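Chains as they are written, first to last, in the numbering used here: chain A, 477 to 853; chain B, 203 to 601. Worksheet: one structure, shown below.
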């Protein structure tokens, strides 16, 4: 049993920490959010130079060969800085789908570009009626000659406005909630019939709704076997779910640290408010929630890196996301409460951390959804 | 990063499992499974079996007859014990007073007391709390006044667990009234047969008297029963209170409880033609409890991993106490919820040694309310959960 980070993991952690500290203060972040792109291309280039974009890829694919624990280490630090760059959607989700499902041609065309920072992908899977179930797919894929014609609408596609290529889930066959019959297609964001309605999320990221109207792609744009993408899609979303949970663990650590610090300096009734037991116990509860969240995420990361079957891994991820969601609500709400009025203003980072963790709770399924999924697996 | 046991640890785990399967007496297991109280004789019998194997004192150094186990081995042992339902040795001797005697006692005291603890020849009990000194233990008032070669003790202690079985009691007594309250306390060992000691049982909500009040009326205690120096008792007491408690989180017990809850839910009608196992709200509660256990288990493993590389058990262990007890209480509450009307009959004697009749109600519903009431103590004793939150605030958060 060993819960310490390897030397490589420590280096990875330090490199992200250093970046967040030097390049990502709250005001710089705010400036980045206000740009049209909504993320910093300069930072993205730096991510490539630092090798972070290679982390999700195996060594055979020319990557770092990062496992779930590596991903957890990075995401925690990203969470502290509330990064808005599309790392999770492009590198982790899009990259992993190409790596796991793509043929040699697709992989050699796309993976080097992704790792070099020249290509950003986004995964379009959620639909208005699907809620958090990625296997509920109404978008249709109809074969026509050697082509496939896609029709449907996707919602909340993280990083869509930044992406050159969308990876779209669509149904070749089967009923709306069947696992069988789901395929993934590589679709140029600029292709005729693709319309992206961009929006900025509550936590400062770029996202968008995507409609597909008679979008024609060649059959060679399909990732993997026809109708057989469900398992790979679920696995990637599970990995992204763990990443989101890890990001929340980092952000919650920040929320706790900032709250404790504030309570030591803010004076009312002639004394620091941190001396009040009513507040001390609430901060102790925040600490407990942070530790339980970290513990369950570590557990899930280890299980993802182990030899268990897909169902066991999925169950571990749902356990973690559900538990972290519960922590998020307490830690986020109490951080704002203990900060008092300043906590609900736009000028302080605490409110923005609260927004980030709130978004992370619902991303890839909130606490209630994952509790139900856990119980059903 | 990995949560795997080494080959040696796995071999040790098998050895523990085999030992428990062969040596934990079936009659005792039956009683534990049916929540029937074990008698003093049965507890002692089991402890002697542990001692014969050399496993009575996992937390003692080898020179005193301890196991010399690593933190991971101790964890494996207490986990397997918990999964089997085998009771850990009563803590008052082996876990509480013994480490104090080892650290601060004289050579003579060590020889006089430690072997009998190891062999379960002597039953110890605790004399800490007083009616007006609970969480604020240092305000205790029981006085010990020196008179020649004796201390004369007057006062009373309370919440004394199984004092009715005890041969000896370790006590915190006040030996100086003129100084700061922590600086006038001494640590005294008292033979329960000494004239002037009387016990008054305290009946708890489950109808059983597992605790007592202890009255000291001019009790003469030889000065050689003082541990360490006079007025230094508070320091020794704190060592005892912070002494590493194995299995504080209660994860194995929690796993047994959860399995039992699932079993009972499947056998309990929901009143609408289905079972409680299919009830959406109850299913969610079960899932939440299971997830909490997983989080707690890994919080404990992370603490254990830190211990294994030589870090001291930090105030973080307060988390394990708070979360472990709150989860145990939540599961008690769920048992009551499942039992419905079946937990209404109050028949405490059905859990006592010698009860001949059938236990009332299906499954363990007969015990549901009894356990729910009794286990409210979990968040109160051992440093109430509020005190644990004070510890986290001060020692971890620096507030």
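Built from N, CA and C at the ideal position, the CB exists for glycine as well. The model shown is predicted, which means the values in this text are computed figures rather than measured ones.
If you count every other CB in all the chains shown that lies within 10 Å of the CB of residue 645 (chain A), and 16 or more means buried, which is it? What you label residue 645 (chain A) is simply residue 169 of the first chain in a count that begins at 1. That one is buried.
What does residue 278 (chain B) reach in chain A if we use C-beta pairs closer than 7 angstroms? Numbered from its first residue, the second chain carries residue 278 (chain B) at position 76. Residues of chain A passing the Cβ test: none, with the nearest at roughly 10 angstroms.
Using the rule of at least 16 other Cβ atoms within 10 Å of the residue's Cβ for burial, across every protein chain shown, is residue 334 (chain B) buried or exposed? Against the second chain, residue 334 (chain B) aligns to sequence position 132. Residue 334 (chain B) comes out exposed.
Residues in its own chain within less than 8 angstroms of residue 615 (chain A) by CB, not counting five upstream and five downstream? In the first chain, the residue the question calls residue 615 (chain A) occupies position 139. Answer for residue 615 (chain A): 603, 626, 627, 628, 629, 630, 644, 645, 646, 647, 688, listed in chain order.
Taking the continuous alpha helix (DSSP H) assigned at residue 774 (chain A), which residues delimit it? Numbered from its first residue, the first chain carries residue 774 (chain A) at position 298. 753–780 is the span of the alpha helix (DSSP H), which, as asked, contains residue 774 (chain A).
So what does residue 327 (chain B) bridge to, in DSSP terms? Within the second chain, numbered from 1, the residue matching residue 327 (chain B) stands at position 125. Beta-bridge pairing links residue 327 (chain B) to B:371.
Is it the case that the CB of residue 638 (chain A) approaches a heavy atom of the ligand MN more closely than 6 angstroms? You won't find the ligand MN in this model; it holds no ligand whatsoever.
Since residue 514 (chain A) and residue 682 (chain A) are thought to touch, with beta carbons under 8 angstroms apart, how far apart are those beta carbons, to the nearest angstrom? Start at 1 with the first residue of the first chain, and residue 514 (chain A) comes out as number 38. Start at 1 with the first residue of the first chain, and residue 682 (chain A) comes out as number 206. The C-beta distance from residue 514 (chain A) to residue 682 (chain A) rounds to 4 angstroms, short enough to meet the 8 angstroms contact threshold.
Okay, do the stretch 707–721 of chain A and the stretch 618–625 of chain A touch, 3+ Cβ pairs below 8 angstroms being the bar? no
Would you call the stretch 835–844 of chain A and the stretch 795–802 of chain A touching, i.e. three or more CB-CB distances under 8 angstroms? The stretch 835–844 of chain A is in contact with the stretch 795–802 of chain A.
Can you tell me where the alpha helix (DSSP H) with residue 156 (chain B) in it begins and where it stops? With chain B represented from 203 up to 601, any question about residue 156 (chain B) goes unanswered, as that position is not in the structure.
Quick one: which residues of the stretch 214–247 of chain B get their C-beta closer than 7 angstroms to a C-beta of chain A? List them in chain order. none
Which partner residues does residue 599 (chain A) have in the DSSP bridge list? Translated into positions along the first chain, residue 599 (chain A) becomes position 123. Paired residue(s): A:643.
Measuring only the C-alpha atoms, how far is residue 464 (chain B) from residue 577 (chain B)? One-based indexing of the second chain puts residue 464 (chain B) at position 262. One-based indexing of the second chain puts residue 577 (chain B) at position 375. Going from the Cα of residue 464 (chain B) to the Cα of residue 577 (chain B) covers about 20 angstroms.
For residue 792 (chain A), I'd like the list of residues in its chain whose CB is within less than 6 angstroms of its CB, leaving aside the five on either flank, ordered along the chain. In the first chain, residue 792 (chain A) corresponds to position 316, counting from 1. The answer, listed in chain order, is 776, 779.
7 angstroms Cβ cut-off: residues of chain B touching residue 771 (chain A): Counted from its first residue, the first chain places residue 771 (chain A) at position 295. Within chain B, the residues 497, 500, 501, 504 have their CB atoms less than 7 angstroms from the CB of residue 771 (chain A), given in chain order.
Residue 344 (chain B): which of B:425, B:494, B:360, B:262 sits nearest, CA to CA? Here residue 344 (chain B) corresponds to residue number 142 of the second chain, with the count starting at 1. Of B:425, B:494, B:360, B:262, the residue nearest in Cα terms is B:360.
I'd like to know if residue 459 (chain B) contacts chain A, where contact means its C-beta is closer than 7 angstroms to some C-beta of that chain. For the purposes of this step, residue 459 (chain B) is taken as residue 257 along the second chain, with counting starting at 1. So no, residue 459 (chain B) is outside the interface.
Alpha-carbon to alpha-carbon, residue 394 (chain B) and residue 384 (chain B): Walking along the second chain from the start, residue 384 (chain B) turns up at place 182. Walking along the second chain from the start, residue 394 (chain B) turns up at place 192. Their Cα atoms are separated by approximately 26 angstroms.
Counting pairs of Cβ atoms below 8 angstroms between the stretch 583–603 of chain A and the stretch 724–739 of chain A, do you hit three or more? The stretch 583–603 of chain A makes no contact with the stretch 724–739 of chain A: fewer than 3 CB pairs, one atom from each, lie closer than 8 angstroms.
Please state the DSSP three-state secondary structure of residue 408 (chain B). Residue mapping note: residue 408 (chain B) aligns to position 206 of the second chain, counting from 1. In the structure shown, residue 408 (chain B) sits in coil (DSSP, three-state: anything other than H, G, I, E or B).
Mind listing which residues of the stretch 583–597 of chain B have their C-beta closer than 9 angstroms to chain A's C-betas, in chain order? Residues of the stretch 583–597 of chain B with a Cβ closer than 9 angstroms to any Cβ of chain A, in chain order: 588, 590, 591, 592, 593, 594, 595, 596.
Whether or not the stretch 457–472 of chain B and the stretch 288–305 of chain B are in contact is what I'm after, with contact meaning three or more pairs of Cβ atoms, one per stretch, closer than 8 angstroms; do they touch? Cβ pair count under 8 angstroms is below three, so no.
Using a Cβ cut-off of 7 angstroms (strictly closer), state whether residue 778 (chain A) contacts chain B. In the first chain, counting from the first residue as 1, residue 778 (chain A) sits at position 302. Contacts with chain B at 7 angstroms (Cβ-Cβ) include residue 778 (chain A).
Using only the alpha-carbon positions, how far apart do residue 915 (chain A) and residue 634 (chain A) sit? The structure shown does not extend to residue 915 (chain A), since chain A is modelled only from 477 through 853, so no value can be given for it.
Cβ-based neighbour list, residue 430 (chain B), same chain, cut-off 7 angstroms, excluding 5 preceding and 5 following: What you label residue 430 (chain B) is simply residue 228 of the second chain in a count that begins at 1. Only 306, 389, 438 meet the Cβ criterion.
So is residue 601 (chain B) in contact with chain A if we call contact Cβ pairs under 7 angstroms? If you number the second chain from 1, residue 601 (chain B) lands on position 399. Closer than 7 angstroms to some Cβ of chain A, the Cβ of residue 601 (chain B) qualifies, so yes.
For residue 479 (chain A), go through chain B and note every residue whose CB falls closer than 8 angstroms to its CB, in chain order. In the first chain, the residue the question calls residue 479 (chain A) occupies position 3. Residues of chain B whose Cβ lies closer than 8 angstroms to the Cβ of residue 479 (chain A) are, in chain order, 203, 205, 503, 504, 507, 508.
Using a Cβ-Cβ distance cut-off of 7 angstroms, determine whether residue 359 (chain B) contacts chain A. Stepping through the second chain from its first residue, residue 359 (chain B) is reached at position 157. Under the Cβ criterion of 7 angstroms, residue 359 (chain B) is not counted among the residues facing chain A.
C-alpha gap between residue 640 (chain A) and residue 485 (chain A), whole angstroms: As a first step, residue 640 (chain A) is located in the first chain; it is residue number 164 there, counting from the start. As a first step, residue 485 (chain A) is located in the first chain; it is residue number 9 there, counting from the start. Approximately 31 angstroms, taken between the alpha carbons.
Within 8 angstroms, do at least three Cβ pairs link the stretch 800–814 of chain A to the stretch 830–839 of chain A? Contact holds: three or more Cβ-Cβ distances are below 8 angstroms.
Same chain, Cβ closer than 7 angstroms to residue 425 (chain B), five either side skipped, listed in chain order: Locating residue 425 (chain B) in the second chain gives position 223, where the first residue counts as 1. Correct list, in chain order: 351, 352, 353.
Please return the same chain residues whose Cβ sits closer than 6 angstroms to the Cβ of residue 572 (chain B), not counting the five positions on each side in sequence. Reading the second chain from its first residue, position 370 is the one you call residue 572 (chain B). Excluding positions up to five away in sequence, the list reads 408.
Under 7 angstroms, Cβ to Cβ, is there at least one residue of chain B near residue 795 (chain A)? For the purposes of this step, residue 795 (chain A) is taken as residue 319 along the first chain, with counting starting at 1. So, interface residue.
What are the start and end residues of the alpha helix (DSSP H) that includes residue 520 (chain A)? Looking up residue 520 (chain A) in the first chain gives position 44. It spans 517–525 - the alpha helix (DSSP H) in which residue 520 (chain A) sits, taken as one unbroken run.
Under 8 angstroms: do the stretch 483–502 of chain B and the stretch 758–774 of chain A share three or more Cβ pairs, one atom per stretch? yes
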